[in-house]
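Line by line, the protein sequences give chains A and B. With positions in the first sequence counted from 1, the corresponding number in my numbering is that position plus 11. With positions in the second sequence counted from 1, the corresponding number in my numbering is that position plus 277.
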Amino acid sequence: GAVVSQHPSWVICKSGTSVKIECRSLDFQATTMFWYRQFPKQSLMLMATSNEGSKATYEQGVEKDKFLINHASLTLSTLTVTSAHPEDSSFYICSADRVQGGNEQFFGPGTRLTVL
Amino acid sequence: DAKTTQPTSMDCAEGRAANLPCNHSTISGNEYVYWYRQIHSQGPQYIIHGLKNNETNEMASLIITEDRKSSTLILPHATLRDTAVYYCTRRGSSNTGKLIFGQGTTLQVKP
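Structure (structure tokens):
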């Protein structure tokens with residue numbers, strides 16, 4: 012299957028700092044990428060839809076000013092957690108739709124964020 | 278609202294077939310059924326998807342009822358490495374659209 016990578020795979024930061032997470036589609040182009048958050052022993056929760064060249068669409072209850080999303084190219088979307096706090100500690104996962112090909116949506120390996 | 282319902286957990290003996298059910302009674306005519314699985318602390322792995330017809334690939338088979346209100350994922354010969362959380366979800370047919378995940382089924386394959 013197609014490959015989606017995330018960087019970093021894990022990050023520890025101090026409260027109040029900002030953290031950027033990258034999501035890349037390595038062998039295909041993706042006009043649409045998605046960002047999810049997952050707390051321990053819970054399911055994935057969709058945060059936002061990232062569209063190349065346009066503003067992201069956020070799910071209800073997700074603060075767009077806190078979770079900044081940029082999708083500057085067909086292979087890269089970034090999620091920046093601004094002024095992170097301990098309650099933002101979570102597993103962040105991205106996924107990507109191929110521009111051409113089947114209807115599969117491919118997921119990255121996830122980024123573990125711990126805010127101290 | 279995940280719009281799909283799955284049993285919370287299931288056990289399966291190693292080497293036997295694992296049959297995971299999913300209810301999606303409100304599915305629209307243009308929505309596909311998707312199955313993913315997630316092994317602890319990893320991103321979800323795509324398994325299979327279908328619209329109306331039954332589908333099979335190297336990983337699994339997907340059986341969709343004629344009224345499309347439910348489906349079953351079949352792992353023909355479960356191994357210990359198939360132990361994971363299995364998610365059934367749905368999305369529109371335009372190759373876009375978000376996936377909303379429910380709680381999934383935790384499948385435990387036992388020796």
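Just so you know, even glycine gets a beta-carbon here, dropped at the ideal spot from N, CA and C.
When the Cα of residue i is compared with those of the options, which residue comes out closest?
i	options	result
CYS304 of chain B	B:ILE377, B:VAL386, B:GLN385 and B:THR285	The sequence given here places Ile at residue 304 of chain B; Cys does not occur at that position. Ranking the options by Cα distance to ILE304 of chain B, first place goes to B:ILE377.
THR86 of chain A	A:SER20, A:PRO51 and A:GLU33	A:GLU33
ALA83 of chain A	A:GLY72, A:THR68, A:GLU63 and A:THR93	A:GLU63
GLN368 of chain B	B:ASN300, B:THR281 and B:TYR309	Rather than Gln, the amino acid found at residue 368 of chain B in this sequence is Arg. Cα-wise, what sits closest to ARG368 of chain B is B:TYR309.
LEU90 of chain A	A:MET58, A:VAL15, A:LYS52 and A:GLN53	A:MET58
THR282 of chain B	B:PRO388, B:THR366, B:ARG293 and B:LYS387	B:THR366
SER20 of chain A	A:PHE78, A:ASP108 and A:PRO120	A:PRO120
TRP46 of chain A	A:THR125, A:VAL126, A:ASP108 and A:ALA13	A:ASP108
Taking only three categories from DSSP, how would you classify residue i?
i	result
LEU357 of chain B	helix
GLU335 of chain B	coil
PRO298 of chain B	strand
PHE39 of chain A	coil
GLU98 of chain A	helix
GLU33 of chain A	strand
ASN372 of chain B	Any reading at ASN372 of chain B is ruled out, since the residue's pLDDT is 47, under 50, leaving its predicted position unreliable.
GLY327 of chain B	strand
ARG293 of chain B	coil
THR282 of chain B	strand
LYS387 of chain B	strand
ASP288 of chain B	strand
ARG345 of chain B	coil
ILE304 of chain B	coil
SER318 of chain B	coil
VAL14 of chain A	coil
THR28 of chain A	coil
Could you check whether residue j and residue i sit closer than 7 Å to each other, using their CB atoms as the reference points?
i	j	result
SER337 of chain B	ILE316 of chain B	For clarity, residue 337 of chain B is Ala in the given sequence; the question names Ser instead. Going by C-beta atoms, ALA337 of chain B is not nearer than 7 Å to ILE316 of chain B.
THR93 of chain A	GLN17 of chain A	no
GLY379 of chain B	TYR363 of chain B	no
SER88 of chain A	SER61 of chain A	yes
LEU350 of chain B	LEU297 of chain B	yes
ILE80 of chain A	GLY320 of chain B	no
ARG35 of chain A	SER101 of chain A	no
LYS387 of chain B	ALA295 of chain B	no
ASN331 of chain B	ILE340 of chain B	yes
VAL22 of chain A	LEU124 of chain A	yes
TYR313 of chain B	HIS326 of chain B	no
GLY306 of chain B	HIS354 of chain B	no
Do the segment 88-103 of chain A and the segment 24-38 of chain A touch if we need at least three Cβ pairs shorter than 8 Å?
yes
Measuring CB atoms only, is the segment 283-292 of chain B touching the segment 339-350 of chain B, in the sense that at least three cross pairs come out at less than 8 Å?
At 8 Å Cβ cutoff, the stretches do not touch.
Under 8 Å, with one C-beta from each stretch per pair, do the segment 65-73 of chain A and the segment 34-41 of chain A reach the 3-pair mark?
No: the two stretches stay apart, fewer than three of their Cβ pairs being nearer than 8 Å.
Taking the runs of the beta strand (DSSP E) that are 3 residues or longer, which of them lie wholly in the segment 49-112 of chain A?
56-62, 78-84, 87-92 and 101-108
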